[in-house]
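Our numbering applies: residue 119 is where the sequence shown begins, and numbers increase by one.
Backbone N, C-alpha and C define an ideal beta-carbon position, used for all residues, glycine too.
A quick note: this is a predicted structure, and the numbers were derived from the prediction, not measured.
What follows is one structure encoded as structure tokens, with my remarks underneath.
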Amino acid sequence: MEHKRALYPLLSAFWFFGLTIFMLYPLSLKLSTYARETGDTLLNTWILAWVTRSLVTDPFHLFHGNIFYPFPYSVAFSEVLAGDIPIAAPVLWLTGNPLLAHNVVLLMSFFLSGFGTYLLVRFLTGSEVAAILGGTIFAFAPYRFAHLCGHVQILTTQWMPLSLFFLHRAFVSGLWRDFFLFSACFILQALSCFYYAFYFGLGVALFVTYFLATAWKETGWDRVRKFAVACVVVGICVVPFGLPYFEAQEEYGFTRTIEEAKFYSAHLVDYLLPPPENHLYGRWISRLLRILPGAEKWYRQCGVEHWLFPGIVAPLLGLVGLLSFPRIENGTLTVEGQREPSVWLHWKAGATRNQGYYLLLAVFALVMSFGPELQIAGRQTGVPLPYRCFYELVPGFKALRCPARFEALLMLALAVLAGYGVRKILGGLSRLSTGWGACAALSGGLIGLVVLEYLSIPVPVVRVPTGPEVPPVYRWLGQQEQSTVVAELPADIEHNFWYMYFSTYHWRRIVNGYSGFVPDQFFDIQERLGSFPERESVDLLRALGVDLVIVHGDGYSGEHREALENALENNPELVLVQRFGGDSVYRIKREIGAQPQAKIDVSLPKVVACKQLVGIPVIVKNLGERALFFSPTEKLFTVARWSGGQSLEEHVWTHLPLVVPAGRAQQVFAKLSSPVEMGKYFLELKIKMGGAKGETSSPVEVVSSLPDTLGKTGHLAVVGPCKLPEQVAPGSTFEFSCEVRNVGHSVWLAQTPSSPVRGGVSLGIRRWRHVDGGDAVAANGQPLEARAHLAQALWPGQFAILAGKAQAPSTPGIYTVKLDMVSEWVSWFEDIKASSAREVQVVVK
């Protein structure tokens with residue numbers, strides 16, 4: 119009997135492997151050349167290939183990928199996937215096919231999630247059937263098929279059930295072996311997906327708290343000490359991979375707002391929504407929603423994070439496992455050892471201690487999936503939920519935007535609870551002496567129902583070039599100097615993930631990239647490359663250190679392509695190196711002509727409030743005839759020294775503007791901390807930008823507080839000089855800028871372009887007045903206004919340059935444009951006699 123029982127894990131492994139091949143058909147049979155989709159799949163393919171390569175060749179620069187050049191920490195823009203390397207690396211080394219390595223990781227995530235849950239449920243219930251059913255539920259839940267769209271990090275869940283399996287064993291046996299096996303599995307899970315490092319970490323903390331509270335006598339200090347050592351091991355292995363994420367967050371300001379967390383939170387209705395590809399429910403619900411106008415479109419557009427339907431069988435079996443049902447003893451119906459005169463089934467709660475934990479885990483995961491605020495039918499109720507506390511208090515939580523991904527923990531808990539339910543049902547049947555046939559039929563029927571519920575074949579696939587199918591330009595590029603820097607055009611999202619994927623065949627640095635987080639300056643670079651090969655775009659590439667530009671002609675429309683080819687032929691700053699069909703390679707000539715010169719102006723305040731973060735405008739002026747570009751890695755270094763009542767010295771690094779057009783100026787803000795004590799101070803600043811240095815100083819008074827632009831007192835502004843084009847086309851968009859100075863005694867609050875706040879200050883175009891009288895209006899009948907927002911608070915005595923975009927009137931003529939400062943939803947400065955508005959004449963022609 120023991121010999122047969124030892125065969126069961128092997129047989130179950132065959133079951134989960136075969137079911138994986140079947141449920142992922144036809145992708146499971148085309149692993150080397152096909153993918154579920156391109157975008158995120160190609161991103162994760164690149165990550166797996168880069169990390170595999172870097173761990174061997176240069177592990178200390180693992181997080182500085184060859185994409186998004188010259189931005190550092192490009193791997194930290196997404197998941198590092200280091201926990202998947204033990205699976206991906208052998209495939210990559212043997213075949214050289216990064217797509218195959220990715221797809222094997224994907225396939226194994228289903229197989230191992232099923233087998234790992236099988237081991238967990240088998241250990242807890244002692245039932246083979248319960249274990250197989252639990253593994254099937256967790257491995258093939260609809261939630262996982264929703265994330266087949268390239269989210270291999272979300273599908274890598276196999277280490278969660280294995281971690282809990284060894285943790286249960288460790289708390290029972292107390293053996294060091296089991297604690298260290300738990301550590302190994304948790305480390306692999308955390309390094310596969312940092313979402314699960316946080317979410318599953320909370321699940322483990324809940325496990326330990328629960329069992330210490332309910333089984334202290336069996337647990338004792340010995341197991342607590344061993345668990346603490348296991349946690350130290352986890353920290354030693356995971357923290358070095360986590361630190362670059364915090365460094366990237368500090369470098370680029372990467373964070374997810376609370377509004378993003380709300381958007382990607384689960385709604386109550388989401389737990390009724392299967393993926394549209396689901397055979398049994400997805401197609402049925404699509405037909406049902408066609409009855410309601412727009413409902414089907416909403417269902418398909420609500421996104422993978424909201425398709426959270428767990429099926430019907432799993433929750434029902436979990437409920438059965440938590441209840442007790444009657445059994446017949448000597449012809450008498452009994453429940454929990456008590457005789458029951460009624461022939462009706464009598465249900466009572468009958469959960470074990472382990473079931474109690476998984477019930478608690480399910481409730482916790484469900485509540486956390488709803489995010490910071492309860493939402494019903496897409497409407498916010500204002501009811502706060504525990505997720506907000508974790509968002510505000512736990513370091514790293516602000517980098518996570520999808521609370522709905524707690525669904526993985528919920529499905530794991532349901533899988534275990536369903537296993538208990540199956541064991542209870544089969545135990546009841548065996549006591550009724552129905553024979554093994556009835557038990558076998560019921561077991562097969564339940565497992566078959568789960569498979570039917572979760573069936574989503576055929577999995578849609580797209581072909582991805584590999585090996586000999588890779589365009590020849592990339593093979594040629596792999597033969598160039600390792601230090602070569604490349605830009606590929608057209609530079610847009612649809613093409614960037616292909617450039618990134620093809621870079622696995624040459625590993626040269628490219629300015630292109632695609633990821634979850636992207637630095638703000640990267641979008642500016644991509645936008646400016648849209649004008650290639652104009653002088654400004656070539657100057658930008660030269661500033662970025664680009665050697666070669668690959669122009670993919672097939673990426674442009676007919677007329678655009680013809681104009682581009684003519685411009686390339688006539689550009690003296692580019693040299694054609696090689697052609698590969700529609701792909702042309704150009705080398706950028708090094709510096710041509712006189713280089714632009716920069717001048718720095720610094721605006722120090724006269725008065726600031728104590729214990730505040732004070733933004734110091736640093737204005738970079740371009741005195742040359744060509745645009746001045748700075749690499750994203752170039753920074754302005756500032757040493758600030760406050761002397762007076764309290765001595766304070768601070769060193770600050772500030773990103774420089776990407777581009778300063780010829781004859782124009784751009785500004786950045788160096789953020790300093792004001793003294794804690796009030797009084798009269800002398801502020802000295804030493805500034806270094808590249809090889810240029812400068813110093814400035816000024817007396818500054820530090821007071822307890824200042825009025826701000828939420829009110830209407832203390833404001834006084836000087837607007838101008840202003841720069842607007844003398845002539846614009848009707849209805850066109852153009853840039854404008856003005857120098858503005860705070861000469862009052864209030865602090866001007868900063869304004870956010872994405873969601874304007876009350877009291878935030880902007881420079882505004884208040885109106886366009888035609889010389890013949892009458893004001894121009896927009897299409898909606900409102901005045902034709904525009905805004906240039908103040909990025910940082912401006913203190914009394916400071917000046918800044920505000921720049922924005924405006925739309926010209928659609929009717930030709932001569933207009934007087936009025937520019938003034940405005941405190942949003944408070945007042946225009948001119949209306950409270952706080953400024954003299956500036957008027958500029960513009961011809962619309």
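**Prompt:** Is the region 238-246 touching the region 285-292, taking contact as three or more C-beta pairs under 8 Å?
**Reply:** yes
**Request:** Kindly give me the distance between the Cβ atoms of Leu662 and Ser749, rounded to whole angstroms, as I take these residues to be in contact under 8 Å.
**Result:** 6 Å
Self-check item: Segments of 3+ residues assigned as beta strand (DSSP E) that fall wholly inside the region 569-644
Solution: 603-607
- request: Check whether the Cβ atoms of Ser928 and Gly849 sit closer than 7 Å, and answer yes or no.
  value: yes
Going by CA-CA distance only, name the one from Glu197, Phe300, Leu173 and Asp657 that's closest to Arg744. Asp657
TODO: Pick out the complete beta strand (DSSP E) segments inside the region 660-713, 3 residues or longer, and give them in chain order.
DONE: 666-670, 692-698 and 701-706
Identify, in the order they occur along the chain, each residue of the same chain with its Cβ nearer than 6 Å to the Cβ of Gly671, setting aside the five sequence neighbours on each side.
Arg679 and Gly700
Look up Thr934 in the DSSP assignment and say whether it is helix, strand or coil. strand
Here's the rule I'm using: 16 or more other beta-carbon atoms within 10 Å means buried, otherwise exposed. How should Ile611 be labelled? exposed
Tell me where the alpha helix (DSSP H) around Glu327 begins and ends.
According to the sequence as given, residue 327 is Thr; it is not Glu. Thr327 -> alpha helix (DSSP H) spans Phe312 to Thr332.
inquiry  = Can you confirm whether the region 720-734 touches the region 900-913 when touching is taken to mean that 3 or more C-beta pairs between the two stretches lie within less than 8 Å?
reply    = yes
Review point. How should Asp388 be labelled, buried or exposed, when 16 other C-beta atoms within 10 angstroms of its C-beta is the threshold for buried?
Key: buried
Next item on the list: Answer yes or no: does any C-beta atom of chain B fall closer than 7 Å to that of Arg401?
Entry: No chain B is present in this structure, which holds just one protein chain.
On a Cα-Cα basis, can you pick out the residue from Ala536, Val431 and Leu125 that is closest to Asn472? Ala536
Query raised in the report: What does a CB cutoff of less than 6 Å around Phe508 pick up in its chain, not counting 5 residues either side in sequence?
Result: Phe515
### Query
If we count the other Cβ atoms within 10 Å of its Cβ and call it buried at 16 or more, is Ala333 buried or exposed?
exposed
task: Note down the Cα distance separating Gly797 from Ser761, rounded to an integer number of angstroms.
output: 10 Å
For this session: Could you give the DSSP three-state label for Ala952: helix, strand or coil?
Result: coil
- At what residue ranges does the region 842-874 contain a whole run of the alpha helix (DSSP H), taking only runs of 4 or more? none
Distance check for Thr375 and Gln959, CA to CA, integer angstroms please.
41 Å
message = Taking 8 Å as the cut-off, does the region 592-605 touch the region 136-149 (at least 3 CB pairs, one atom from each stretch)?
response = no
>> Looking at Val351: is its Cβ nearer than 7 Å to the Cβ of Ser291?
In response: no
Q.
Let me check you understand the geometry: is the CB of Ile139 closer than 6 Å to at least one non-hydrogen atom of the ligand ATP?
A. You won't find the ligand ATP in this model; it holds no ligand whatsoever.
Tell whether a beta-carbon distance below 7 Å holds between Ala257 and Ser281.
no
Query raised in the report: Does DSSP classify Met807 as helix, strand or coil?
Result: strand
* **Alpha-carbon spacing of Leu817 relative to Glu844, whole angstroms** => One detail in the question is off: residue 817 reads as Pro in this sequence, not Leu. The straight-line gap from Cα to Cα measures roughly 40 Å.
**Asked** Among all the DSSP beta bridges, which residues are the ones paired with Glu813?
**Response** Lys804
Inset, instruction - Note the first and the last residue of the continuous alpha helix (DSSP H) segment covering Asp719. - result: Per DSSP, Asp719 belongs to no alpha helix (DSSP H); it is in the beta strand (DSSP E), Ala716 to Val720.
- Query: Just how far apart, CA to CA, sit Thr934 and Val875?
  - Reply: 29 Å
In whole angstroms, give me the CA-to-CA distance for Gln785 and Glu365. 24 Å
**Prompt:** Under 7 Å, do Leu666 and Val604 count as touching if we go by C-beta distance?
**Reply:** yes
TODO: Tell me, please, whether the region 206-215 touches the region 162-181 by the rule of three or more beta-carbon pairs shorter than 8 Å.
DONE: yes
- Query: Taking just the CA atoms, how far does Ser815 sit from Leu790?
  - Reply: 14 Å
Are the Cβ atoms of Leu908 and Ala868 separated by less than 7 Å? yes
message = Rounded to whole angstroms, what is the Cα-Cα separation between Phe381 and Ala124?
response = 48 Å
What do you reckon, are the CB atoms on Tyr476 and Ala526 nearer than 7 Å? no
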